[in-house]
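Residue numbers (the working numbering), protein chains in the order written: chain A, 1 to 272; chain G, 1001 to 1312.
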Amino acid sequence: MRRRRDQRIKAKGLRVYVALVYAFLFAPIVVLVLFSFNNSRRNATWKGFTLKWYSALFGDSAVLDAFKNTMKVAIIATILATIFGSLAAYALTRYHFRGSSLYNGAIYVPLVIPEIVFGVALLSGFNAAGLGLSLKTVIISHVAFMVSFVIVVVRARMSGFDRALEEAAMDLGANEIQTFYLVTLPFMAPGIMAGALLAFVLSFDDFVITFFNSGVGNTTLPLKVYSMVKFGVTPEINAISVFMLGISSLLLLLTYRIQSGERRTVQEPDKG
Amino acid sequence: MIQKGEDLLSGGAAASAPAEPGLVGRGLARLRGRRFLVANILLAPTTMWLVLFMVLPLLVVLVYSFGSRGAFGDVVLGFSLHNYAKVFSPLWFPIILRSFGFAAVATLLTLAMGYPLAYFIAMYGGRRKSLYLILIMLPFWTSYLIRTYSWIVILRSQGVVNTVLTSLGVINDPLNLLNTRFSVILGLTYGFLPFMTLPLYASLEKLDKSLIEAAQDLGASRLWTLLTVTVPLSLPGIVAGTLLVFIPAVGDFVTPDLLGGPDQTMIGNVIQSQFLSTRDWAYGSALSFSLMAILLVAILLYVRKVGAEELG
């Protein structure tokens, strides 16, 4: 009895602390959202609600170009990284061969190299190869750092796969290719989708690696935000920021829904 | 950690066991050969990409680091260690020390915030667990650049904090909050807090709660239970979290660039300026390699120390 009360009291202290940490995490985001609707250039006191910073944004051709570039890079790089990463994840969970555990470890290297080192290495590499910087070099660079993320996500999904399902399909007369398309691939699909969404967000938000490998005139949204911030704080930056935060949040919610659906499909056999 | 290292070194010894003699053995060997082939075809795009766009570029940086700056900002190849001598000279080395210092303080702060947070979600999350988790994932998924920028809006002289304090009459002149050591460490802590919390949560969630109850039934106090049972059992999460925060924090250049002034320059800023404005790529390359080498040594020492404690 005494302990129960203790526990509640302790949890109360913890609850307050946790609430403060959450406030710390979200206060800056709330401030950005609030001031993106504030009818004041000076930006620090509330002068009424307005949407003019957002309409200014959609009328700004430089911002629209940056958005187009960002989408182009993110879509192409996501497709490439998802295909490469899914094939690799399949190979790594399915086949154990000489050096496979070395390979499994090596895919973490791009995840732990400091981003700036990765960025300048790619820049040096393109320079040494005589490749001029363009959106192409940005796409190449993004695929290089995204593919490991896709492998990690898809591999996690594959590790829960019961190979008896494949054997059952083969016993029922499916050949190897049919088995892959009808059994294995549908099981992998939520993992592939989650990996693709993560890759897309990483590319969409990437600043450091893009900064070093885009060259002159190939601005993406994060680069545009950076150059605007360097000129000074304006309400338009808040509006772009909130727009970008909105896209990332939507994609996170989508991923979460896919993954909770995934958990349900895995649990179903237990219930029956 | 250690086991994984051995696994890496042996390079999948199990797969390379000698084939059994005889007909069955030959059949098995052929099967193994075919599997190896299929696996390599599936891995080929990733392998090719990572070799061309990670391994080779890093080698180029290594080669550049022994060269020197040409008259037009190009790299003159050679073999000289003068760039490395410059990295460790009294003029530049303090910047490296500062980067490690800032990153260490930020890592401790994220641990102090992230551990109770992860503990709360794992132990008391209840039905709202996934909501709490999504709220941690959200900053993790959103742009680091934008989250850093948001602190300029809050801290600058006409920012939120100064406006509120002035209008309340607490201060007359705006406080100088931006471009200080405080703002850079704050930015790093804020930016990397989710990277600490998520691995901590993963290991606290897996922890067998009956061990905590057992310790308390045997008369251990809450604090003693936390220190001798919960924390040691969540050590893998602590190790993963500190590495995930510390490594990117040391090399960060966005935070010191946006929230810091000339006195808060970190190694990331120096690397950036060597490549983009000063155009001494050779020296920038030496800085990059020195950063990776020092990080590697620090990580090995850390993992060995924590690993030894875990065993002892």
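Ideal Cβ placement from N, Cα and C applies to all residues, glycine included. Since the structure is predicted, the reported quantities are computational estimates derived from the model, not experimental observations.
Endpoints, the alpha helix (DSSP H) within which residue i is located
{"i": "G/Met-1113", "result": "1093 to 1124"}
{"i": "G/Leu-1135", "result": "1129 to 1141"}
{"i": "A/Tyr-274", "result": "This structure cannot settle anything about residue 274 of chain A, because the visible part of chain A is limited to 1 through 272."}
{"i": "G/Met-1054", "result": "Unbroken run through G/Met-1054: none, as it is neither H nor E."}
{"i": "G/Gln-1274", "result": "1267 to 1276"}
{"i": "A/Ile-76", "result": "61 to 94"}
{"i": "A/Thr-210", "result": "208 to 213"}
{"i": "A/Asp-171", "result": "164 to 171"}
{"i": "G/Thr-1163", "result": "1160 to 1167"}
{"i": "G/Asp-1257", "result": "1254 to 1259"}
{"i": "G/Leu-1178", "result": "Careful: G/Leu-1178 lies outside any alpha helix (DSSP H) and carries neither H nor E."}
{"i": "G/Ile-1247", "result": "1235 to 1250"}
{"i": "G/Asp-1217", "result": "1209 to 1217"}
{"i": "A/Thr-220", "result": "Premise fails: A/Thr-220 is in no alpha helix (DSSP H) and is neither H nor E."}
{"i": "G/Tyr-1149", "result": "1144 to 1155"}
{"i": "A/Asn-127", "result": "115 to 129"}
{"i": "G/Tyr-1084", "result": "1082 to 1087"}
{"i": "G/Val-1170", "result": "Segment: none, G/Val-1170 is in no alpha helix (DSSP H) and carries neither H nor E."}
{"i": "A/Tyr-103", "result": "100 to 106"}
Residue(s) in a DSSP beta bridge with residue i
{"i": "G/Val-1075", "result": "G/Arg-1069"}
{"i": "A/Phe-49", "result": "A/Asn-38"}
Neighbour flag for residue i against chain G, beta carbons, 9 Å
{"i": "A/Arg-98", "result": "yes"}
{"i": "A/Ile-237", "result": "yes"}
{"i": "A/Gly-59", "result": "no"}
{"i": "A/Ala-54", "result": "Note that residue 54 of chain A corresponds to Tyr in the displayed sequence, not to Ala. Not closer than 9 Å to any Cβ of chain G, the Cβ of A/Tyr-54 fails to qualify, so no."}
{"i": "A/Leu-252", "result": "yes"}
{"i": "A/Met-1", "result": "Unreliable placement is indicated for A/Met-1, whose pLDDT of 45 sits below 50; the coordinate value is still reported in the next sentence. Chain G contact via Cβ: absent."}
{"i": "A/Pro-190", "result": "no"}
{"i": "A/Ser-260", "result": "yes"}
{"i": "A/Arg-25", "result": "It is Leu, not Arg, that sits at residue 25 of chain A in the sequence shown. Interface residue, yes."}
{"i": "A/Tyr-256", "result": "yes"}
{"i": "A/Thr-219", "result": "no"}
{"i": "A/Thr-184", "result": "no"}
{"i": "A/Gly-160", "result": "no"}
{"i": "A/Ala-11", "result": "yes"}
{"i": "A/Arg-94", "result": "yes"}
{"i": "A/Arg-48", "result": "Note that residue 48 of chain A corresponds to Gly in the displayed sequence, not to Arg. It does not: the Cβ of A/Gly-48 has no partner Cβ on chain G nearer than 9 Å."}
{"i": "A/Thr-45", "result": "yes"}
{"i": "A/Ala-323", "result": "Residue 323 of chain A lies beyond the range of chain A shown here (1 to 272); nothing can be said about it."}
{"i": "A/Phe-187", "result": "no"}
Residue-chain proximity (residue i, chain A), Cβ-Cβ < 9 Å
{"i": "G/Asp-1280", "result": "no"}
{"i": "G/Ser-1288", "result": "yes"}
{"i": "G/Ala-1199", "result": "According to the sequence displayed, residue 1199 of chain G carries Pro and not Ala. It does not: the Cβ of G/Pro-1199 has no partner Cβ on chain A nearer than 9 Å."}
{"i": "G/Tyr-1302", "result": "no"}
{"i": "G/Leu-1116", "result": "The sequence shown places Pro at residue 1116 of chain G, not Leu. It does; some Cβ of chain A falls within 9 Å."}
{"i": "G/Thr-1107", "result": "no"}
{"i": "G/Val-1060", "result": "yes"}
{"i": "G/Pro-1018", "result": "Low confidence applies here, because G/Pro-1018 scores a pLDDT of 43, under 50, leaving its location unreliable; read the following figure in that light. Taking Cβ atoms only, chain A never reaches closer than 9 Å to G/Pro-1018, which makes this a no."}
{"i": "G/Trp-1224", "result": "no"}
{"i": "G/Asn-1040", "result": "yes"}
{"i": "G/Val-1250", "result": "yes"}
{"i": "G/Trp-1141", "result": "yes"}
{"i": "G/Gly-1284", "result": "yes"}
{"i": "G/Tyr-1144", "result": "yes"}
{"i": "G/Pro-1232", "result": "no"}
{"i": "G/Phe-1053", "result": "yes"}
{"i": "G/Pro-1057", "result": "yes"}
Return the residues of the stretch 1262 to 1278 of chain G that lie within a Cβ-Cβ distance of less than 8 Å from chain A, sorted by chain order.
Gly-1268, Ile-1271, Gln-1272, Phe-1275 and Leu-1276
The stretch 113 to 131 of chain A: which residues have C-beta closer than 9 Å to a C-beta of chain G, in chain order?
Ile-113, Pro-114, Glu-115, Ile-116, Val-117, Phe-118, Gly-119, Val-120, Ala-121, Leu-122, Leu-123, Ser-124, Gly-125, Phe-126, Asn-127, Ala-128 and Ala-129
Stretch-stretch touch, CB-based, cutoff 8 Å, three pairs: the stretch 1295 to 1307 of chain G with the stretch 1199 to 1214 of chain G:
no
Is the stretch 1235 to 1244 of chain G close to the stretch 198 to 209 of chain A, with three or more CB pairs under 8 Å?
no
Three or more C-beta pairs closer than 8 Å, one from the stretch 230 to 239 of chain A and one from the stretch 180 to 197 of chain A: is that the case here?
no
So, does the stretch 13 to 27 of chain A touch the stretch 216 to 236 of chain A, judging by three or more C-beta pairs under 8 Å?
Verdict: no, contact absent.
Are the stretch 141 to 161 of chain A and the stretch 207 to 223 of chain A in contact at 8 Å, needing three or more beta carbon pairs?
yes
Counting Cβ pairs closer than 8 Å, one from the stretch 33 to 45 of chain A and one from the stretch 1159 to 1169 of chain G, do we hit at least three?
yes
Can at least three beta-carbon pairs, one atom from the stretch 1077 to 1093 of chain G and one from the stretch 113 to 122 of chain A, be found at a separation below 8 Å?
no
Does the stretch 1110 to 1118 of chain G come close enough to the stretch 1191 to 1203 of chain G that 3 or more CB-CB pairs lie under 8 Å?
yes
Count the C-beta pairs between the stretch 77 to 94 of chain A and the stretch 148 to 161 of chain A that are closer than 8 Å, then say yes if the count reaches three, no if not.
Segments in contact, yes.
Residues within the stretch 15 to 39 of chain A neighbouring chain G, beta-carbon criterion of under 8 Å
Arg-15, Tyr-17, Val-18, Val-21, Tyr-22, Phe-24, Leu-25, Phe-26, Ala-27, Pro-28, Ile-29, Val-31, Leu-32 and Phe-35
Would you list, in chain order, the members of the stretch 1157 to 1183 of chain G that have their beta-carbon closer than 9 Å to a beta-carbon of chain A?
Gln-1158, Gly-1159, Val-1160, Asn-1162, Thr-1163, Val-1164 and Ser-1167
Would you call the stretch 109 to 117 of chain A and the stretch 163 to 181 of chain A in contact, with 3 or more CB pairs under 8 Å?
no
Mind the definition here: the stretch 51 to 63 of chain A touches the stretch 161 to 176 of chain A only if three or more C-beta pairs lie below 8 Å; say whether that holds.
no
Between the stretch 1140 to 1152 of chain G and the stretch 243 to 252 of chain A, are three or more C-beta pairs nearer than 8 Å?
yes
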